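Numbering follows numbering that gives the first Met the number 0, in which position 117 of the sequence shown is assigned residue number 116; successive positions increment by one, without gaps.
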Amino acid sequence: MPAEEMNLWYRDAIFYEVHVKSFYDSNNDGTGDFEGLRQKLDYLKTLGVDCIWLLPFYKSPLKDDGYDISDFYSIQPEYGTMEDFQRFLDDAHSIGIRVIADLVLNHVSDQIEWFKEARRDRNSPKRSWFVWSDTDQKYSQARVIFIDSEISNWTWEPVTRQYYWHRFYSSQPDLNYDNPEVREEMKNVMRFWLKKGLDGFRCDAVPYLFEREGTDCENLPETHAYFKDLRKMLDLEFPGTILLAEANQWPTQAKEYFGNEDEFHMCFNFPLMPRIFIALARQSALPIVEIINQTLPIPATCDWGIFLRNHDELTLEMVTDEERDIMYSEYAKIPKMRLNLGIRRRLAPLVDNDRATLELLYALLLSIPGSPILYYGDELGMGDNIYLGDRNGVRTPMQWSYDRNAGFSRADTEQLYSPVITNPNFHYESFNVESESRISSSLLNWVKKMLRTRKKYNTIFGRGNIEFVTHENKKALCYVRKYEGGQILCVFNMSKKHTYVELDLKQYKGYRPVEVITETRFPFIGDLPYFFTLPPHGFFWLRLVAPNEEDGIQDD
Ligand code: NOJ
Ligand code: CA
């Protein structure tokens, strides 16, 4: 395979997001570690994961669960040593799994030496690595992001008597990207980890690097220019590695991070994610159709990262007030389920653990253009705990078995970094890898089967374009994914009731639809509209087999 083609691996990959501390505790101290993650690589391989995304594992006082880094060149001691990290990475590579890591460029911990020096003395060489002001009135158009805990983006530093700038917690001072030393240092951080063999970075909080008066300090041209510079460095020094942008923005601004194929390889599809849930709540396909039309096309070698949930609250910053109200009333009936402008729940609890809805959501995740990103535990239908603070309720230990501590650790239960899920509706004794592996109808086995199916048709789902099929029923979402002569028709019922839809498939006259999960032949497409009946939240994925093509099904 030519190098350029090999380097597009991310377009066909299934990503899996995981926190080292949450996955598996190998030394029984109550916190997961790199050695534990290494021991569980086979699980991820069997599940069908191609690339692991590691949440921040660098040294940190953990005020923001590691997004507050106090040393970019070392590992949080509980998670293991540099050798453990290397062994994990090498073993992942040896079984064909790539690894990308979170990279927090925008801000640091106030415990990092750079900030300690800077805050002590106005003349410190590190002073200009941060953003200072005599007043808290500068950049007043920049919104506060953590609205439940911060009232301003400025915090007073009493010793040197100035305010410092921070877009997140006040314990996370922003770096000053106008300073070339900062820009260079962060490149060195990247080089340090890429040299160890990492396959790229999930870049945190990318819109906020630069500040300019009179703007909202997001998505500034200077910020784009810096990422283009980082991309150049990657292409030159570490070909085949990728940058994935966390830019929670409206579609137009989010798309800009692809640049002209010279910025990010991938961006999370933040515009799409909440609209999938809005579509479900409204029982209408329209929110999904509209947002896909707004977020495509994108440059040829770029891709969206599609996700349903992640380690944060389900963010509702970039939706209308009306859409936010719909989301809260459908999915966050109890105030504790909300955080900032979002909903802090896992996937299965969000949909009351309704199996048909979960299957529909996964079928969307795996067939909408982009690379799917799973959040650890959601393949089991893991529950959450809204009574834990911040976003900790969706970061509880992975559930391996019905043993003590869900098989995550043999530490004393009180010693775990977080309690395991024991709510009767989601108890770890039922929702765990071992139990679910034993029963063929479990969600885990179903997700595995879906990932296998997606992989079988990877070029169509990973590379293909999308064409919506027009019809009269707004509850039905219908599109064809197409790539070099292969095509899969996807039909979804977004409603809670049975429904039917008549599709104009004239252009495929003489083709035979074949259901791809169970490999079942459907009637040939003729002159009449093609008719589907769908159960509540039902769906079909159907290969459209051309008249002169073998359908490859073994007759039974
Ligand atoms: C986005 C991360 O996903 C979130 O967990 C973190 O708190 C903020 N960025 C600040 O780094
Ligand atoms: Ca441990």
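Backbone N, C-alpha and C define an ideal beta-carbon position, used for all residues, glycine too.
These numbers come from a predicted model, not from an experiment.
Is it buried or exposed for residue i, if we count other Cβ within 10 angstroms and need 16 for buried?
| i | result |
| --- | --- |
| V158 | exposed |
| R542 | buried |
| R453 | buried |
| Y499 | exposed |
| R121 | exposed |
| W52 | buried |
| H497 | exposed |
| K20 | buried |
| Y72 | exposed |
| R403 | exposed |
| M0 | exposed |
| Y386 | exposed |
| K58 | buried |
| E312 | buried |
| S440 | exposed |
| H92 | exposed |
| D89 | exposed |
| K474 | buried |
| L415 | buried |
| F530 | exposed |
| D67 | buried |
In the DSSP assignment, the beta strand (DSSP E) including residue i goes from what residue to what residue?
| i | result |
| --- | --- |
| Y327 | Per DSSP, Y327 belongs to no beta strand (DSSP E); it is in the alpha helix (DSSP H), 320 to 330. |
| K371 | With the sequence shown as reference, residue 371 is identified as Pro, and Lys is not the correct amino acid for it. Where P371 is concerned, the enclosing beta strand (DSSP E) stretches over 370 to 374. |
| E180 | Careful: E180 lies outside any beta strand (DSSP E), inside the alpha helix (DSSP H) at 179 to 193. |
| W164 | 161 to 164 |
| F538 | 538 to 544 |
| F531 | 529 to 533 |
| S436 | Run containing S436: none in the beta strand (DSSP E); it sits in the alpha helix (DSSP H), 432 to 437. |
| G199 | 199 to 203 |
| A253 | Run containing A253: none in the beta strand (DSSP E); it sits in the alpha helix (DSSP H), 250 to 254. |
| V17 | 14 to 17 |
| P348 | Where P348 is concerned, there is no enclosing beta strand (DSSP E), although the alpha helix (DSSP H) it sits in stretches over 346 to 349. |
| F306 | 302 to 306 |
| F467 | 464 to 467 |
Counting only the same chain and skipping the five closest in sequence on each side, list residues whose C-beta sits under 7 Å from that of residue i.
| i | result |
| --- | --- |
| E316 | N247, L340 |
| H165 | H106, N152, T154, Q171, P172, D173 |
| V183 | Looking at the sequence provided, one finds Glu at residue 183 rather than Val. Same-chain partners within the cutoff: there are none. |
| R118 | E156, V158, T159 |
| R86 | R37 |
| F191 | Y72 |
| D133 | Q161 |
| F33 | V19, Y78, G79, D83, F84, F87 |
Cβ of residue i within 7 Å of any heavy atom in ligand 1?
| i | result |
| --- | --- |
| V143 | no |
| F56 | no |
| H18 | no |
| H165 | no |
| Y375 | no |
| Y66 | yes |
| E245 | yes |
| A204 | yes |
| V103 | yes |
| D311 | yes |
| D63 | yes |
Identify, in the order they occur along the chain, each residue of the same chain with its Cβ nearer than 6 Å to the Cβ of residue i, setting aside the five sequence neighbours on each side.
| i | result |
| --- | --- |
| W519 | A small correction: the amino acid at residue 519 is Thr; Trp does not occupy that position in the sequence shown. No residues qualify anywhere along the chain. |
| P371 | I13, I305, L364, L365 |
| E561 | The structure shown does not extend to residue 561, since the chain is modelled only from 0 through 555, so no value can be given for it. |
| Y374 | E16, R308, N309 |
| L533 | N492, T498 |
Note the first and the last residue of the continuous alpha helix (DSSP H) segment covering residue i.
| i | result |
| --- | --- |
| K481 | Segment 475 to 482 is the beta strand (DSSP E) holding K481; no alpha helix (DSSP H) there. |
| P522 | Run containing P522: none; DSSP gives neither H nor E here. |
| L450 | 442 to 455 |
| F263 | Unbroken run through F263: none, as it is neither H nor E. |
| Q293 | 285 to 294 |
| T45 | 40 to 46 |
| S93 | 81 to 93 |
| P220 | 220 to 236 |
| Y72 | Y72 -> not in any alpha helix (DSSP H); beta strand (DSSP E) instead, spanning 70 to 74. |
| A244 | Unbroken run through A244 is the beta strand (DSSP E), 241 to 244; no alpha helix (DSSP H). |
| F114 | 112 to 119 |
Note down, in chain order, each residue of its chain lying with its Cβ closer than 8 Å to the Cβ of residue i, except the 5 sequence neighbours on either side.
| i | result |
| --- | --- |
| H223 | E255, Y256, G258, E262 |
| T469 | D503 |
| K335 | I385, Y386 |
What do you reckon, is the C-beta of residue i under 7 Å from a heavy atom of ligand 4?
| i | result |
| --- | --- |
| R160 | This structure lacks ligand 4; the ligands present are ligand 1 and ligand 2. |
Q.
If you measure from each CB to the nearest heavy atom of ligand 2 and keep those under 5 Å, what residues do you get, in chain order?
A. Taken from the N-terminal end onward, the list reads D24, N26, D28, T30, D32.
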